[in-house]
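Using our numbering, you'd call the opening residue of the sequence shown number 4 and step up by one each time.
Ideal Cβ positions, reconstructed from N, Cα and C, are used throughout, including at glycine.
Please read the structure below before turning to the comments.
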Amino acid sequence: MIPIVNLIVIKRNNKEEKFNSKKIINACKSAGASEETARRVADEITEEIIKLHSSKIRDLALQKLESISPEVAKSWKEYDTNVKKR
């Protein structure tokens, strides 16, 4: 099992709780998966959650900037286009 530190999950009722991969394991086993399969599923999901591509972070930053300071977001995009050639 891959440990996660300080990852918060927002439940359907908007309640927040710490991420717990054991819940994934239990759900898989309740559906009929073996312990090995349940752990593999939980590990793969955990790995996917903790690895975030830099382009996703950039997109999130630009999205927030566009709502807070559109002119700065525009400047960032122009910099990316003209300097970084993105």
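| message | For a minimum of 3 consecutive residues, which ranges assigned as the beta strand (DSSP E) are wholly contained in the segment 19-72? | response | 19-21
#### Entry: Neighbourhood of V75 by C-beta distance below 8 Å, restricted to the same chain and skipping five residues each side
L68
The beta strand (DSSP E) that contains V12, what's its start and end? I11 to I13
Practice prompt. Have a look at I52, K54, I27 and L65 and flag the residue whose alpha-carbon is nearest the alpha-carbon of T40.
Written response: I27
Exercise for review: Could you tell me how far apart the beta carbons of L65 and W79 are, in whole angstroms, since I believe they sit closer than 8 Å?
Suggested key: 6 Å
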